[in-house]
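Note that full-length UniProt numbering has the sequence shown beginning at 1, numbered continuously upward.
Where a beta carbon is used, it is the ideal one built from N, C-alpha and C, also for glycine.
Written out below as structure tokens is the structure these notes cover.
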Amino acid sequence: MGVMDWRVPGLTEVRELGAGAQGRVVLARRDDSGVTIAVKYLAPALLRNPGAREVFRTEARLLQRVDDVHVARLFAFVEDEGGAAIVMEAVNGVALRRILDEHGVLEPEAAFTVLKGALLGLGAAHRVGVVHRDFKPANVMVERTGNSKLIDFGIAVLAGQGDRSGTPSYMAPEQWLGRPASSATDMYSATCVFFECVTGSRPFGGRDTRTLREQHTTQPPPVDDVPEPLRELVARGLAKNPQDRPSDAAEFVSELETVAVGAYGKDWEGRGLAALAASSVAVAATVPAAAATVGEGAGVLAKLGIGLGSVAAAGTAAAVGAYFMWPTDPSIKHAWTAQSVKPASPVAAVDGGFALYTSDGRGGFEIVGLNGKNGRVRWRHPATPSATVRGVDLYPAAKDRTVVYMSPVGRLQDRRAAIVAVDAATGTTRWSYGTGGVLVDSQPELCANESKICLTQKVSGRTSQQKTLNLSDGRLLTTSTSVDGRRLQSAENGDTLLVSSDGKDLLLIPPTGPTRWRRPLTEVFKSKVNPDNGWWLELKDGRYIGSIGRTDSANFATQTYYYDRAVVAAFDAATGRPLWLDRGASVFCGEIVFELQHPVRCRTKGTQKGERRQGLNVTVEGFDPATGATRWSWNAGDVPALGPYGASGERGVMRLSDTEYLVRTPTQGHTILNLDTGPRPLQGSAPSGWCREHTSVPGIPGVSWPVGQNAYLHQSLWPCTIDRRPVKLPRLAPDFSGTRSGKVYAWADKNTVQAVHVK
């Protein structure tokens, strides 16, 4: 395939949207999902020009930083010897340039609305250090809803950089003078566009670049042409000195809204959106469909006085091989934010919506049902964590149209509860178990192919029984023998793994009948261990594998933790027979979640006293769960977010998918860690991913051990950068961070429930 025929694989071209000397833009459809996207190809004549390639890469790199609903999103950047392309969102609307050409002047409310949307997009770019430098009507798309979206970062730079680049009619004085660009540079250009919207002409109308330079750098702005209420705003935005303009987009938006409300009333934005929507639809009906989709051409790279030869001399050599940015699923769109609930649990999916435990911040709990379409609360009931011990995560059991939770009975301090099932849509009670109040030592959970509810009910003191209920009607199906012990994990068949109350033995009890087996912990782990020092066990293929904290791993008197005093063990689920043992390793690897589908362990050196770490050195290993043999090994070094203690909230590790994490190390830079195959260097820009943190949820006042801990841990997750900065939309919608109900994916962060539309 020659360079003239080079295409991004996996896409089918629908039609060309525009072309020019720099390249062309096409509308394309993804072969796997059918989603429509826009692809910007670098012109074949420029592929042999290293400077032109680098300019194109820079556009993609800078666009990748910006994630906002008012900016056309980047999905991927693809490059090899045959070509280069930017894959991005196809905006369903028309360019503001087309609307102005058709209508001449906009109503002030519509002009204010365009400016506000544009400023919000520019603000998102400025927050990550990017200056657009080419804000003009051709680069503002007006969607059919009236919302505006910023496109074409072809000459964008990082703040503090700059040269004489831009579109002359909209360039700030500092651009003409070749001085560094800042957010104020974009404020000037945005005001020029606003001026054109309300007057029908540009602030300065010089017929050649020399005249335009003189006007923009020396002449006062012609504010008399602007409606009187807007003059001060325009004068500020067009100030010659960048320091005299609004300092950033947020300040400008605030000033804009104040002026708009004062001059045109509180409902100015609604009228403006309606007017823009009508203009967008009307213009779309009169112009070719291609122009109504992505705007004018592929974006103009205007280099005043600097030819491509000069750019090439200043550029760097082209990258060898393919350079990929991380694509975002284009079907993901913001759906809603439920700000009226404070999560105390993960979100569970039900038909038509979601359910979760929430906290009032004072020890009170509720179970809440949310509408999947809009995130509104459908119903809510009082709830309790009952006797659940040691701050484990709360979570409701939910399937289809049924939500099972713990409803308080009597005084909250007594921690007694009834197990209640309600209709997921209405909150109407379907059945209740233990209406007189029982103490439940673990969250009721789905088992037996999600047809039953398994729970651990306290009988007296430390004695408990394992029970199963029929999910459909709440009938008690099985009751185990009474056991003096603490539950660790329940299996799908109802078997429950416990540690004896004296902390010496492991035992497995079935739903009915006598104990299956009982073995000393020291026989299985070959050392003294105690779940109070942490434990994590997973069951797969008839084996339990995981870690229980060694008793000598922590000195509570001095608050000192010894990282290398750890052990990973495997034992047979049917008999408790030890299978293999690995001293010095642990499945506690900080932000890396232990899962037997992709098993890893960490060998960690060093100590921690309070919050101070000394000598931290982490080696991550993939291993064979059947034998414990090492499959791959990687020394990550001093990465606190991989440490076994206090890792929650640390920067430097971010989950990308079910099998991959991004790890930033002090000596190796950014590394992609694949749990199945091991590490590989990051190629290109760092993608966004998912961050997690355990936050404390206040428990019932006045209650503490041994009945139960007064604070509970809620694992919150959010889309983020490697520095844990939130991003607007997730790149992917994976099972580990949230759940899907229909075509809506929701997750619980620290203070809200967020949702996006997914395909």
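Query: Residue(s) in a DSSP beta bridge with S741; Result: V744
Query: CA-to-CA distance, G437 to A755, given in whole angstroms; Result: 35 Å
Query: CB of F354 within 7 Å of CB of A746, strictly; Result: yes
Query: Helix, strand or coil at R245 according to DSSP, with G and I counted as helix; Result: coil
Query: Alpha-carbon spacing of V8 relative to F153, whole angstroms; Result: 20 Å
Query: Assigned secondary structure, S148 (DSSP; H/G/I helix, E/B strand, else coil); Result: strand
Query: Supposed contact pair T607 and Y563 - C-beta distance, whole angstroms, cut 8 Å; Result: 7 Å
Query: I155 versus Q161: straight-line alpha-carbon distance, rounded; Result: 11 Å
Query: Contact set for K333: own chain, Cβ-Cβ below 7 Å, skip 5 residues either direction; Result: V756, H757
Query: Residue of N92, D67, G205 minimising C-alpha distance to L120; Result: D67
Query: Inter-residue Cα distance where the pair is I151 and V593; Result: 38 Å
Query: Nearest candidate by alpha-carbon position, reference G93, set L276, V618, T630, S688; Result: L276
Query: Cβ of Y357 within 7 Å of any chain D Cβ; Result: The structure shown contains no chain D; it is built from a single protein chain.
Query: Secondary structure, alpha helix (DSSP H): runs of 4+ residues fully inside the region 34-68; Result: 50-65
Query: Limits of the beta strand (DSSP E) - the one that F365 falls within; Result: 365-371
Query: Contact between the region 172-184 and the region 94-112 (3+ Cβ pairs under 8 Å); Result: no
Query: Residue closest to L539, alpha-carbon to alpha-carbon, out of A629, L507, L11, Q489; Result: Q489
Query: For A99, three-class secondary structure by DSSP; Result: Just to set this straight, residue 99 is Ile in the shown sequence, not Ala. I99: helix per DSSP, three-state reduction.
Query: Residues that DSSP places opposite H381 in a beta bridge; Result: I367
Query: Boundaries of the alpha helix (DSSP H) in which K116 is found, first to last residue; Result: 108-127
Query: Candidates S741, K605, G590, Y433, of which the one nearest R651 by Cα; Result: G590
Query: Contact set for L308: own chain, Cβ-Cβ below 8 Å, skip 5 residues either direction; Result: For L308, the pLDDT reaches just 24, beneath the cut-off of 50, and the residue's location in the model is therefore unreliable, although a value from the coordinates is still provided. Within the same chain, L308 has close Cβ partners L46, N49, G51, A52.
Query: Close-in-space but distant-in-sequence residues of the same chain around residue 772 (CB under 8 Å, 5 per side omitted); Result: Outside the shown range of the chain (1 to 759) lies residue 772, about which nothing can therefore be said.
Query: 7 Å Cβ shell around Q215 - same chain, five flanking residues per side excluded; Result: F204, G206
Query: Counted within 10 angstroms of its Cβ, other Cβ atoms place L177 as buried (16 or more) or exposed; Result: exposed
Query: Backbone secondary structure at P173 - three-state DSSP; Result: helix
Query: DSSP-derived helix/strand/coil call for N555; Result: strand
Query: DSSP state of G237 mapped onto helix, strand, coil; Result: helix
Query: Proximity below 7 Å, CB of Y384 to CB of A344; Result: As written in the sequence, residue 384 is Thr, which differs from the Tyr given in the question. Contact: no.
Query: Identity of the residue in S247, A90, E269, I509 nearest E16 by Cα; Result: A90
Query: Residue burial classification, D244 (beta-carbon count within 10 angstroms, cutoff 16); Result: exposed
Query: Other residues of its chain near P599: CB distance less than 6 Å, five sequence neighbours each side excluded; Result: F623, P625
Query: Outcome for D582 when other beta-carbon atoms lying within 10 angstroms are tallied against a minimum of 16; Result: buried
Query: Residue closest to R680, alpha-carbon to alpha-carbon, out of T695, S696, E660; Result: E660
Query: Distance between F112 and R415 (C-alpha atoms, nearest Å); Result: 56 Å
Query: Beta-carbon proximity check, R378 vs E366, cutoff 7 Å; Result: no
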